[in-house]
Every structure is written in structure tokens, then in C-alpha cells.
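Below: one structure, written as C-alpha cells.
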Amino acid sequence: MPQISQLSEVFSSQLFWLALVFGLIFFGIGRGMLPKIRSTVDARDHQVSDDLEKAKAARTGAEETEARWRVRMDEARVEAAHIAHEAKSESGRETEARIKAAVDEIDSRVEAARQRIRDAAAAARAELEAVAADAAQQMVEQLTGIKVESQDAAKAVEAELQVMTTIER
Amino acid sequence: MAAQGKIDPMHQFTIEPIASLHIGSYNVSFTNSALWMTITLVLIFGFMALGMKRQLVPGRWQVAVEGLTGFVDDMVKVNIGPEGKKFVPYIFTLFTFILVSNFLGLLPLAIIPGLHPFTTTSQFSLTGVLAVMSFSIVLIVGFWRHGLGFFKLFVPHGTPLPMIPLIFPIEFISFWVRPFSLGLRLFVAMIAGHILMEVFGSFIVNGLNGGALGWGVGILSFLFVIFVVALELLMCAIQAYVFALLTTLYLSDAIHLH
Numbered sequence: 001m002p003q004i005s006q007l008s009e010v011f012s013s014q015l016f017w018l019a020l021v022f023g024l025i026f027f028g029i030g031r032g033m034l035p036k037i038r039s040t041v042d043a044r045d046h047q048v049s050d051d052l053e054k055a056k057a058a059r060t061g062a063e064e065t066e067a068r069w070r071v072r073m074d075e076a077r078v079e080a081a082h083i084a085h086e087a088k089s090e091s092g093r094e095t096e097a098r099i100k101a102a103v104d105e106i107d108s109r110v111e112a113a114r115q116r117i118r119d120a121a122a123a124a125r126a127e128l129e130a131v132a133a134d135a136a137q138q139m140v141e142q143l144t145g146i147k148v149e150s151q152d153a154a155k156a157v158e159a160e161l162q163v164m165t166t167i168e169r
Numbered sequence: 170m171a172a173q174g175k176i177d178p179m180h181q182f183t184i185e186p187i188a189s190l191h192i193g194s195y196n197v198s199f200t201n202s203a204l205w206m207t208i209t210l211v212l213i214f215g216f217m218a219l220g221m222k223r224q225l226v227p228g229r230w231q232v233a234v235e236g237l238t239g240f241v242d243d244m245v246k247v248n249i250g251p252e253g254k255k256f257v258p259y260i261f262t263l264f265t266f267i268l269v270s271n272f273l274g275l276l277p278l279a280i281i282p283g284l285h286p287f288t289t290t291s292q293f294s295l296t297g298v299l300a301v302m303s304f305s306i307v308l309i310v311g312f313w314r315h316g317l318g319f320f321k322l323f324v325p326h327g328t329p330l331p332m333i334p335l336i337f338p339i340e341f342i343s344f345w346v347r348p349f350s351l352g353l354r355l356f357v358a359m360i361a362g363h364i365l366m367e368v369f370g371s372f373i374v375n376g377l378n379g380g381a382l383g384w385g386v387g388i389l390s391f392l393f394v395i396f397v398v399a400l401e402l403l404m405c406a407i408q409a410y411v412f413a414l415l416t417t418l419y420l421s422d423a424i425h426l427h
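Protein sequence lines correspond, in order, to chains A and B. Just so we're aligned, residue 1 is where the first sequence starts under my numbering, counting upward by one. Just so we're aligned, residue 170 is where the second sequence starts under my numbering, counting upward by one.
If you want it as C-alpha cells, here you go:
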């Protein structure tokens with residue numbers, strides 16, 4: 001076994017070269033390069049977790065904005081419905097008022113017309129009464145020779161006409 | 170050796186000097202073992218250097234490098250906890266050095282005449298030093314953090330008082346066996362695998378020279394060698410992992426005292 005037979009001969013050389021190589025790997029790579037690689041990995045992990053955090057925050061923000069927007073939309077919708085309702089009832093009231101005004105005017109015109117008709121009728125009747133009283137006075141005078149006062153004749157005619165109107169009615 | 174008509178499966182472990190070198194009275198010649206250690210160093214450095222672009226969005230190579238460092242990081246974090254962070258360079262060095270050395274020893278370089286790979290981790294002069302180094306670190310960390318309280322490690326929690334004289338020596342011995350088991354495990358796994366491959370490789374060569382029956386043996390050996398090489402590839406990774414893992418566990422013991 002060369003490991004045993006050569007041991008005393010090569011041990012110092014083995015130890016020397018192992019120490020050299022191992023030392024170079026330990027100090028040059030283990031302590032020199034390894035921390036840099038680890039810091040790169042750490043930096044990346046940090047960045048990834050930071051980015052994730054940021055994305056999460058942005059998402060929460062967006063959700064909040066959306067919630068606020070939804071609340072505002074709901075409010076606006078309610079208000080719009082309210083306004084529409086108001087406008088509808090307002091226009092209804094206006095129409096009603098206009099109709100009422102029109103009806104009133106029509107009524108008043110009808111009333112005025114009626115009044116004119118009544119006036120005309122009253123005037124006609126007054127004329128008729130006068131003519132009838134006159135006629136009655138003359139008829140009585142010619143038939144009986146009795147002179148009837150014009151006032152009495154008018155009264156009689158009026159009473160007669162009153163009776164007639166009552167009957168007519 | 171093949172030149173003498175037989176194949177010596179132990180020859181592959183011979184250390185041969187390439188350039189003679191002395192410091193004082195010590196022989197520190199540059200050997201084939203030193204050469205393959207240097208190749209290990211160059212490969213690890215190259216692998217890491219190509220992943221040092223430090224991009225936010227890593228390329229393929231950077232992902233591979235970060236995967237390796239992340240693997241070691243996780244192993245230390247899981248076994249030692251947050252205090253283990255300062256041991257990561259050491260565990261990383263152990264793991265990569267053993268892993269790359271193991272794999273280098275399996276390279277089929279012998280196809281090219283005059284070349285053959287040398288498995289540095291099949292030398293217990295090397296695995297032993299690694300084990301002693303790990304064990305020394307465990308001892309230093311243990312006594313540094315706990316002083317003489319470190320001896321509580323040998324008395325597990327909840328041991329009944331009359332059992333202590335019995336438990337203490339057992340724990341003490343098992344503790345001192347650790348560096349040997351650590352170093353020998355890697356060494357034995359590597360040497361056994363390489364001898365097995367060499368032996369079955371020689372069966373193929375000798376079988377093909379030995380008539381019809383020999384051909385049968387040769388073909389069977391060839392199939393077996395394929396299986397053994399696959400197993401060895403697995404073993405290379407597992408042994409490197411086990412060495413690093415056990416070191417973290419021992420360190421965890423030294424830091425947390427059970």
C-alpha cells in the first residue's frame with residue numbers, strides 16, 4: 001500500500017501542498033468570493049420581496065380606490081334617482097297647475113258668457129215686460145174703458161210672467 | 170504493472186515527484202498529488218469566477234454557482250443555526266475541495282497514454298489532515314465558547330447521576346474517535362472504489378487474453394465495471410457531502426452542547 005510505505009517520505013510534501021491549496025481556496029474563494037455571491041443572492045431576495053410588497057401595496061391601493069369609486073357611484077346613482085323623481089313630480093305639479101289655470105280660465109269665460117246670456121235674457125224680459133204691460137194697459141182700456149195705472153199693469157205682468165217662468169221651470 | 174505482465178491495483182496510489190523541492194530539511198516536492206490538488210484549486214476557482222458577474226437576473230453559470238453556495242449555506246443553517254454563518258467558508262472549502270478531488274480521480278484520462286488521474290482523497294495523509302483540522306476547529310470552538318463547560322458534551326442531558334461514570338467514558342471515546350472515522354471514511358471509500366475498478370478492469374484485460382471463457386468473464390466484468398463507476402460517481406458526491414455534513418454536526422455539538 002503506497003499510502004503507508006510512502007508516508008514518511010511524502011507526508012511533508014502532502015501537508016505543504018494541501019495547506020497551500022486549502023488555504024488558497026479558503027481565503028481566496030471561501031472568504032473572498034463566497035460573501036460576494038451571497039450578498040448578490042441576498043440583494044436579489046430583498047429586491048424580490050420588496051417588489052412583492054410594493055405590488056401588494058399597489059393592489060390594496062387599487063382595491064381601496066375601487067371601493068371608494070363604488071361608494072361614490074352608488075351615491076351618485078341614488079342622487080340621480082332622487083333628482084329624476086323630483087323632476088318628475090315637479091313637472092307633474094306644474095302640469096297640474098297649468099291645467100288648473102286653464103280650467104279656471106275656461107270656467108271664468110264660461111261664467112262670463114253665462115252672465116252675458118243671463119243679462120241678455122233679463123234685458124229681453126224687461127223689454128218684454130214693458131211691452132206686455134203697455135199692451136195689457138191698452139187692451140184693458142179698450143175693452144173696459146178702465147184706465148189702468150202703468151205701474152199696476154207692470155206689476156201684474158211681472159207676476160204673471162213670474163208664474164209662467166215658474167211653470168216653465 | 171502491466172509491463173511485468175500483471176496489473177497492480179495499488180500502483181495508482183503511488184505518489185511520484187514531478188519537481189524536487191526542499192524547504193530546510195523538509196521535502197516539499199511538487200508531486201502528482203500536488204499537481205492534482207492544484208488542478209482542483211484551478212477548477213474551483215474557474216467555476217466560481219465564471220459565476221461572479223453578480224447580475225440581478227443570473228445567467229446559467231451564475232445559477233449553478235449560487236446553487237452550490239446556497240447548498241452549503243443551507244446545510245450550515247440547518248445544522249448549526251444562525252451562529253454557523255462564520256463557518257460557511259470553511260465548510261464550503263471542505264465540500265468543494267473533496268467533491269472536485271473525488272471527481273477528478275474518476276476522470277478516464279488513462280485512455281491517453283502516459284496520463285492517469287490521481288485521487289488526492291485516496292491518501293490518508295490528506296484525509297487525515299482534513300479530519301484533524303475539522304476536529305481541531307471543533308475543539309477550539311467548543312473550549313472558546315464554553316471553557317471547561319465543554320466537558321458537559323460528554324454527559325448528555327437527563328443522564329441519571331449513577332450512570333455518569335459509565336456514560337462519560339463512552340461519550341469521551343466516541344468523541345475522540347470522530348476524527349479517525351471522519352478521515353478514514355473518505356479515504357476508505359475512495360481507495361476501495363478505485364481498487365475495485367482497477368481489479369475489474371484487469372479482469373477485462375486478462376479475460377480478453379484468455380480464450381472463450383475469458384471473454385465471458387471479461388464481458389461480465391465490463392458490465393460490472395459500468396455499475397461500479399456509476400456507484401463511484403454517486404459515492405464521490407456522497408462522501409464529500411458526508412464529510413461536510415459531519416463537520417457541521419460536530420461544530421453544532423461544540424456550539425450548542427447537545
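Beta carbons: idealized from backbone N, C-alpha and C, even for Gly.
Item	Value
Helix, strand or coil at histidine 191 of chain B according to DSSP, with G and I counted as helix	strand
Alpha carbon of glutamine 47 of chain A to alpha carbon of valine 226 of chain B, nearest angstrom	11 Å
Counterpart residues of phenylalanine 199 of chain B in DSSP-defined beta bridges	B:Ala188
Sequence-distant residues of its chain with Cβ nearer than 8 Å to tryptophan 384 of chain B (five each side left out)	Gly376, Leu377
Distance, valine 397 of chain B Cα to leucine 15 of chain A Cα	31 Å
Distance, valine 386 of chain B Cα to phenylalanine 304 of chain B Cα	45 Å
Minimum Cβ-Cβ distance from serine 49 of chain A to chain B less than 8 Å	no
Selected residue, minimal CA-CA separation from histidine 363 of chain B, among B:Asn201, B:Arg347, B:Thr290	B:Thr290
Chain A residues whose Cβ lies nearer than 8 Å to that of aspartate 242 of chain B	Arg38
Chain A contact residues for proline 251 of chain B, given Cβ-Cβ distances below 9 Å	Near proline 251 of chain B there are no residues of chain A at all, since even the closest Cβ is about 14 Å away, more than 9 Å.
Residues, ordered as in the chain, of the stretch 12–25 of chain A that lie near chain B by beta-carbon distance below 7 Å	Ser12, Ser13, Gln14, Leu15, Phe16, Trp17, Leu18, Val21, Phe22, Leu24, Ile25
DSSP state of threonine 288 of chain B mapped onto helix, strand, coil	coil
For aspartate 177 of chain B and aspartate 42 of chain A, the rounded distance between their alpha carbons	52 Å
Between the CA atoms of arginine 125 of chain A and alanine 153 of chain A - distance to the nearest angstrom	15 Å
Tryptophan 205 of chain B classed as buried or exposed, judged by whether at least 16 other C-beta atoms fall within 10 angstroms	buried
DSSP three-state assignment for histidine 128 of chain B, whether helix, strand or coil	Since the first and last residues shown for chain B are 170 and 427, residue 128 of chain B lies out of range.
Check whether isoleucine 208 of chain B and threonine 200 of chain B have beta carbons under 8 Å apart	no
Short-range partners of chain A found in the stretch 224–237 of chain B, where Cβ spacing is below 7 Å	Leu225, Val234, Glu235
Valine 148 of chain A, DSSP secondary structure in three states	coil
Chain A contact residues for leucine 410 of chain B, given Cβ-Cβ distances below 9 Å	Position check: residue 410 of chain B holds tyrosine in this sequence, whereas leucine was assumed. In chain order: nothing, as chain A lies at least about 17 Å away.
Straight-line gap, phenylalanine 391 of chain B to isoleucine 25 of chain A (C-alpha atoms, nearest Å)	38 Å
Spatial distance of isoleucine 424 of chain B from phenylalanine 341 of chain B (CA atoms)	17 Å
Neighbour flag for leucine 34 of chain A against chain B, beta carbons, 8 Å	yes
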